[in-house]
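Numbering (my numbering), first residue to last: 417 to 800.
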């Protein structure tokens, strides 16, 4: 009977079980496999020992995995309510970094929270995705042609970009800007508006370079001519290329990489972790890791396309773009395609901030998938 069906509501335990079954467990498996690759690489980076890198990283991953499942089960309505408080928290942390941040490698990027070092710029990327997805969810796509509708989300994007630039952290600031631009485009921004925003960029190169810090200019100069200072500024990228080349097709063998095990390879547990993988596992191993990373990006994009509501689409897209940029920048950096920028390889490089914020982001992406059939606000209003 129809009236009985309307009166009956499933028990919370049944709803929770239904949501758990809706989670894309194949995607979760891919995340776990990549974390396992990270454990093996960090075990090797630690000289064949679980400490000081591999074991702490797995503890963070275990915590992040639980957090990811909890976030995946959270309703989009609650996430939309929390979007602005989360964004404001990220902006507050970025402001605190400029006042009391920990200095490392020429920049203030870390802040101590309850004795734990945290990098707010990583959290700011996820907070921006959540805030923009919530904002554009409230706007009818037919009104996106009105430039006034774009002022508020533009300010939401520019504020963290400016604060991260002041640390200074040029690489992360650019990634935040690209994430924001991609969400503008996905939300229905007109092509002529995008062209107006992008047109001045080529003419700003000389101005931006003139205002860079000395260490940032050195990175660019080293990228163009690493051989001019092979034992100084050019040392990192030269050693990275040597390690990648020495891996050959099948690699030198696990725990047998000469550049990594003899400590010629700098920052092998963070920025250059992929170089160690290429040296020990060779071309086949490196391509396999890139394939796994690509599957996560493609899977996230497909989940975004399957969402019936604007909030879920933009949320999944923003997290996927963030993950893609992480991977693209790190891989390009260690191969010498772009200047070294201190961007880790997600799920593999050692680091708590990047790991936990990325797992939180994956939770948001999976939440968009679990609640993909929830109709959009515009659809409900029109009765569709």
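Just so you know, even glycine gets a beta-carbon here, dropped at the ideal spot from N, CA and C. All values reported here derive from a predicted model rather than from experimental measurement.
Contact between residue 761 and residue 689 holds, since their C-beta atoms are separated by about 6 Å, short of 8 Å. Sixteen is the threshold: when 16 or more other Cβ atoms of the shown chains lie within 10 Å of the Cβ of residue 652, as they do, the residue is buried. Taking a 10 Å sphere around the C-beta of residue 710, we find fewer than 16 other C-beta atoms and assign the residue as exposed. The Cβ-Cβ distance between residue 510 and residue 537 falls below 8 Å. Counting of Cβ neighbours within 10 angstroms places residue 691 among the buried residues, the total reaching 16 or more.
With a cutoff of 8 Å on beta-carbon distance, residue 676 and residue 659 are scored as near each other. DSSP places residue 440 outside both helix and strand once states are collapsed to three, so it counts as coil.
Around the beta-carbon of residue 491, fewer than 16 other beta-carbon atoms lie within 10 Å, marking it exposed. Residue 563 has its alpha-carbon roughly 29 Å from the corresponding atom of residue 780.
For residue 765 and residue 435, the gap between their C-alpha atoms comes out near 31 Å. Beta bridge pairing from DSSP links residue 527 with 534.
Between residue 603 and residue 730 the beta-carbon gap is near 6 Å, inside 8 Å, which marks them as a contact. Nearest C-alpha to residue 775 among 705, 481, 569 and 706: 481. Separation of the CB atoms of residue 763 and residue 450 is rounded to 4 Å, and the pair is thereby assigned contact status at 8 Å. Shown here, residue 668 sits in coil according to DSSP, grouped into three states, outside any helix or strand. Check the Cα spacing between residue 575 and each of 587, 608 and 506: the tightest is with 506. Residue 596: member of the alpha helix (DSSP H) spanning 586-603, first to last residue. By the beta-carbon neighbour count (other beta carbons within 10 angstroms, threshold 16), residue 665 is exposed. When 567, 479, 741 and 516 are compared, the shortest CA-CA separation from residue 583 is found for 516.
Following the DSSP letters along the chain, one finds residue 462 in no alpha helix (DSSP H), marked with neither H nor E. The beta carbon of residue 784 is closer than 8 Å to those of 492, 719, 720, 723, 727, 728, 729, 731 and 732 in its chain, skipping five residues each way along the sequence. Between residue 715 and residue 443, the C-beta gap is smaller than 8 Å, which places the two residues in contact.
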